[in-house]
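When the letters of the sequence shown are read in order and numbered with the working numbering, they come out as residues -18 to 309.
Data block below; observations after.
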Amino acid sequence: MIKLEDLHQINVYRRHFMDVALWEPFVRQVCAAHELVCDSVGTGLAGTCPTFVVDARWVVKFFGKLFDGAAAFMAELAANRLVVQEPMIPAAPLIAFGELLPQDAVWHWPYLVFEFLPGGSIGEQVEAGSLVELEKVACWIGQVIRPLHHLALTSQSHFPASWKPFTAFLQQQVDNCVDTHRRWGTLPAHLITQIPDFMLSVTDLLDEDIVPHLIHADLTADHLLGVVENGRFCPTGLIDFGDAMVGNILYELVAVHIDMFRCSKRLLSAFLNSYELPGSYRDNFAAKAMCMTLLHRFDVMVGAVPHLPPVNEIESLGHLADLLWQSG
-18 MIKLEDLHQI NVYRRHFMDV ALWEPFVRQV CAAHELVCDS VGTGLAGTCP TFVVDARWVV
42 KFFGKLFDGA AAFMAELAAN RLVVQEPMIP AAPLIAFGEL LPQDAVWHWP YLVFEFLPGG
102 SIGEQVEAGS LVELEKVACW IGQVIRPLHH LALTSQSHFP ASWKPFTAFL QQQVDNCVDT
162 HRRWGTLPAH LITQIPDFML SVTDLLDEDI VPHLIHADLT ADHLLGVVEN GRFCPTGLID
222 FGDAMVGNIL YELVAVHIDM FRCSKRLLSA FLNSYELPGS YRDNFAAKAM CMTLLHRFDV
282 MVGAVPHLPP VNEIESLGHL ADLLWQSG
């Protein structure tokens, strides 16, 4: 019989992290601790964390030891405490948080409890091919992300009002960029060898005159929920702030454009106009956005390749930048 401690092994975790039979007693334990009704327990959206829906009223999300769960828990908790201050940002209200096991356990399994948001992900609906007027959704996202990027931060918060952590992160990504892409193997060798000459400096990628601000940092098609009415996707909210960090719009855009928009220039243009991208980032935009794509912590080019000409036939990173990011 599988036990919680077995989930510290990656192969066991992958098979059982969404196993209702394993997790239902713990979901009920959490609900009882916070005096929440719990009649039925079902699986939530599959991602990285064990996530379960209770009676279409609550969502219980556990954070494991794997995949830097402690950092993701703290980031998501802190981000949701900030987001609730701005009614323009639709996100699932945080109901409760805690730890399933004592701190002296092998792992304490911290958790968050949210109100349930109706609907499915925009990714599911796009796969079904049932949506129209997606430009309106792209505009809506721009109008929502802008206030997210204007949330007030303090030096004492989990997300300090400083560019230093993001600058250090980008510099580390720059230093490791060639080796990282060789390890991933998504880009052909002739493009990887061009990275050092193509890569802009961290200073060029960041406008430090803009106040340091929060970004979601993983706005994929799985993390925007909504309902469909007459073929139109009506958003109900953003979810999963576990990768949230202090950062800039260029980094935020990578997941939005490549995953949520599936590299649609039409949707990218609608978003940028709605967001009102600052002039400092519009200058040399395609090259800057391409650099951020190369520096992303995940191999996002895997999602871009199906929407591009054969990458082996793309002669330069400059050409790739135009194909992927030049919005006209």
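Positions of the beta carbon are idealized from the N, C-alpha and C atoms, including for glycine.
Fair warning: this is a prediction, and the values are worked out from it, not measured in the lab.
Residue i versus the options, residue with shortest Cα-Cα distance
i     : options                    : result
H300  : F279, H197 and M271        : M271
R9    : D199, V40, F44 and Y(-6)   : V40
L82   : L75, W90 and I76           : W90
V125  : L58, V159, R163 and P68    : P68
N254  : Q175, F78, V159 and G123   : G123
A149  : V227, S136, R163 and F242  : V227
V113  : D85, P31 and N211          : N211
W4    : I(-17), V237, Q66 and R263 : I(-17)
A86   : P290, F252 and E(-14)      : E(-14)
L206  : R278, F222 and S102        : S102
Y262  : A285, L249 and N229        : N229
H204  : G100, P177 and F48         : G100
T274  : A77, L298 and N61          : L298
F97   : P74, F78 and V118          : P74
V11   : L93, A119 and G260         : L93
D280  : L258, A302 and W165        : W165
R(-4) : P31, I176 and D178         : P31
G260  : I295, I191 and F242        : I191
I196  : A56, S250, K269 and H15    : A56
W306  : S136, K117, K269 and E294  : K269
V1    : A14, S21 and L17           : S21
E16   : T29, G50 and A77           : A77
N61   : V208, F222 and N265        : F222
A267  : S308, L258 and R278        : S308
E116  : S250, D264 and E257        : S250
P193  : A133, Q154, C158 and I176  : A133
Q84   : C158, A51 and A14          : A51
Opposing strand residues paired with residue i [DSSP bridges]
i    : result
V113 : R213
N80  : The question names Asn, but residue 80 is Glu in the sequence shown. P91, per the DSSP bridge assignment.
V22  : V35
M208 : Correcting the residue identity first, residue 208 is Val in this sequence and not Met. Per DSSP, C215.
S102 : L206
A72  : L219
E96  : W39
Pair within 7 Å by beta-carbon distance, residue i and residue j
i     : j    : result
D156  : A202 : no
F54   : F44  : yes
K46   : H131 : no
A59   : H162 : no
V283  : V292 : no
L276  : L289 : no
L151  : I70  : no
A72   : L248 : no
F7    : T29  : no
Y(-6) : R127 : no
Run of the beta strand (DSSP E) containing residue i, from where it starts to where it stops
i    : result
V41  : W39 to F43
H194 : H194 to I196
P227 : Reading the sequence as shown, one finds Val at residue 227 and not Pro. First-last of the beta strand (DSSP E) with V227: M226 to G228.
Limits of the alpha helix (DSSP H) - the one that residue i falls within
i     : result
I176  : I176 to F179
G28   : G28 -> no alpha helix (DSSP H), and no H or E assigned at all.
F7    : V1 to A14
K145  : K145 to W165
S245  : Note, S245: premise wrong, no alpha helix (DSSP H); not H, not E.
L275  : F266 to L276
H139  : Note, H139: premise wrong, no alpha helix (DSSP H); not H, not E.
D185  : V183 to L186
N(-8) : I(-9) to H(-3)
F54   : G50 to V64
S261  : G260 to R263
V283  : M282 to A285
N170  : Note on identity: in this sequence residue 170 is Ala, with Asn being the wrong assignment. It spans A170 to I173 - the alpha helix (DSSP H) in which A170 sits, taken as one unbroken run.
D303  : L298 to W306
- prompt: At a cut of 8 Å, does the stretch 96 to 106 reach the stretch 161 to 180 through at least three beta carbon pairs?
  reply: As far as the Cβ criterion goes, the stretch 96 to 106 does not touch the stretch 161 to 180, which means the pair count is below three.
Inter-stretch contact (C-beta, 8 Å, three-pair minimum) for the stretch 137 to 145 and the stretch 214 to 222: The stretch 137 to 145 vs the stretch 214 to 222: no contact.
- prompt: Touch check for the stretch 173 to 183 and the stretch 32 to 39: three-plus C-beta pairs under 8 Å?
  reply: Pairwise C-beta distances place the stretch 173 to 183 out of contact with the stretch 32 to 39, as fewer than three of them are shorter than 8 Å.
message: So, does the stretch 186 to 199 touch the stretch 18 to 25, judging by three or more C-beta pairs under 8 Å?
response: Taking a cut-off of 8 Å for Cβ pairs, the stretch 186 to 199 and the stretch 18 to 25 do not touch, as fewer than three such pairs fall below it.
- prompt: Just checking, does the stretch 191 to 202 make contact with the stretch 224 to 243 on the three C-beta pairs under 8 Å criterion?
  reply: The answer is yes - the stretch 224 to 243 touches the stretch 191 to 202, with three or more Cβ pairs under 8 Å.
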